[in-house]
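Colleague:
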Amino acid sequence: MKAYVFPGQGSQFPGMGKDLYDSNPNAKVLFEKANEILGFRITDTMFNGTEEELKQTKITQPAIFLHSVVLASTLDNFKPDMVAGHSLGEFSALVANKTLSFEDALKLVYKRALAMQHACEVNPSTMAAVLGLDDAKVEEVCASITEEVVVAANYNCPGQLVISGSKKGIDIACEKLKAAGAKRALVLPVGGAFHSPLMEPAKVELEKAINETNFSKPICPVYQNVTANAVSDPDQIKKNLIAQLTAPVRWTQTVEHMLKDGATHFTEVGPGKVLQGLIKKVNKEVEALSA
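Going by numbering that gives the first Met the number 0, the first residue of the sequence shown is number 0, and it counts up by one from there.
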């Protein structure tokens with residue numbers, strides 16, 4: 000069974016998508032449609048912007064979504080049996096399985112990006128990658144810090160978990176995690192505590208927009224971050240997508256469930272190769288390629 004997976008924030012790079020724009024007329028139409036919907040030429044920043052410019056959440060999220068969805072539209076024999084996306088990538092996955100239209104998904108992604116950027120400005124916060132420690136131990140350390148917000152945010156693969164919270168909370172957690180035996184506890188260059196309770200203001204903003212958007216019956220199940228399970232019911236997909244902003248990304252569990260349900264080939268669609276690496280760490284035997 001063919002599984003298609005879509006990356007999230009952090010996979011962006013300068014020049015992303017330019018080859019598609021230049022070589023494929025259909026891709027060019029979608030890129031120009033995106034410029035029109037957003038009201039500014041995001042393609043200018045994607046093709047010619049600096050790393051720093053691409054790092055702004057309000058640019059990063061629509062840029063990665065756009066690259067992923069346009070790339071998927073150019074693939075021959077694109078017939079997914081199942082889809083999943085890492086955080087932001089879930090929106091790309093929902094276009095791929097026909098739950099959302101390209102236009103509606105792009106509008107939601109941009110609204111999400113602005114809401115998250117705003118939440119970051121209200122609550123100065125950050126994230127850190129924890130390597131070489133058992134998930135349960137990381138959860139235990141986070142739970143022991145009661146005076147600050149610190150939670151497990153991204154279960155990326157065995158031995159790699161990202162935590163999220165207030166800047167002070169993350170500093171305390173990093174020290175405690177190193178003392179508990181983590182190989183590394185490294186603060187990430189991100190603007191906020193994604194997938195934590197500090198994203199509640201963004202969740203409230205996005206909830207209204209999601210509830211006003213049409214979600215169709217998908218052509219194949221989406222394995223959603225919040226539960227890591229296969230979902231085909233449009234109402235349940237909506238609920239999980241709303242919950243996603245403040246809940247952890249259960250990527251390890253998602254890949255495990257896709258494998259259990261018969262996935263034999265994984266194709267990463269979008270910029271970078273991050274997800275292939277994570278999938279291989281969950282199961283080194285499985286085929287994981289880049290589109």
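Note that CB positions come from ideal geometry on N, CA and C, so glycine has one too.
With respect to the alpha helix (DSSP H) encompassing HIS117, which residues constitute its N-terminal and C-terminal limits?
Modeller: Here the alpha helix (DSSP H) through HIS117 covers 101–121.
Colleague: Alpha carbon to alpha carbon, how far is LYS283 from LYS272?
Modeller: Using only the alpha carbons, I get a separation of about 15 Å.
Colleague: Give the DSSP bridge partners of PHE5, in chain order.
Modeller: In the DSSP output, where bridge partners are listed per residue, PHE5 has GLY84.
Colleague: Alpha carbon to alpha carbon, how far is LEU160 from ASN76? Give it in angstroms, no decimals.
Modeller: Whole-angstrom Cα-Cα distance: 34 Å.
Colleague: Assuming ALA208 contacts LEU107 under a Cβ cut-off of 8 Å, what Cβ separation, rounded to an integer in Å, is found between them?
Modeller: Between LEU107 and ALA208 the Cβ distance is about 6 Å, and since that is below 8 Å, they are a contact.
Colleague: CB TYR3 to CB PRO61, shorter than 7 Å?
Modeller: No. Outside cutoff.
Colleague: Take LYS216 as the anchor and find which of ASN96, LYS182, ASN153 and VAL28 has the nearest alpha-carbon.
Modeller: Answer by Cα proximity: ASN96.
Colleague: Starting from GLY168, trace the alpha helix (DSSP H) in both directions and tell me its first and last residue.
Modeller: Taken as a continuous stretch (DSSP letters only), the alpha helix (DSSP H) holding GLY168 covers 166–178.
Colleague: If you draw a straight line from the C-alpha of LYS166 to the C-alpha of ASP21, how long is it?
Modeller: One C-alpha to the other measures close to 42 Å.
Colleague: Can you check which of these residues, THR251, ALA178, MET126 and ILE218, is closest to PRO233 by C-alpha distance?
Modeller: Measuring from the Cα of PRO233, the nearest candidate turns out to be ILE218.
Colleague: When burial is assigned at 16 or more other CB atoms within 10 Å of the CB, is THR125 buried or exposed?
Modeller: Looking at its Cβ environment, which holds 16 or more other Cβ atoms inside 10 Å, THR125 is buried.
Colleague: Quick check: the segment 228–247 against the segment 183–190, are there 3 or more CB pairs under 8 Å?
Modeller: The segment 228–247 is not in contact with the segment 183–190.
Colleague: Would you identify the three-state DSSP class for PHE193, choosing helix, strand or coil?
Modeller: Three-state result, PHE193: coil.
Colleague: Return the chain-ordered list of same chain residues with a C-beta closer than 8 Å to the C-beta of ASN25, the five sequence neighbours on each side being excluded.
Modeller: These residues qualify, in order along the chain: SER72 and THR73.
Colleague: Roughly how many whole angstroms lie between the Cα atoms of GLY9 and SER67?
Modeller: Taking the straight line from one Cα to the other gives about 13 Å.
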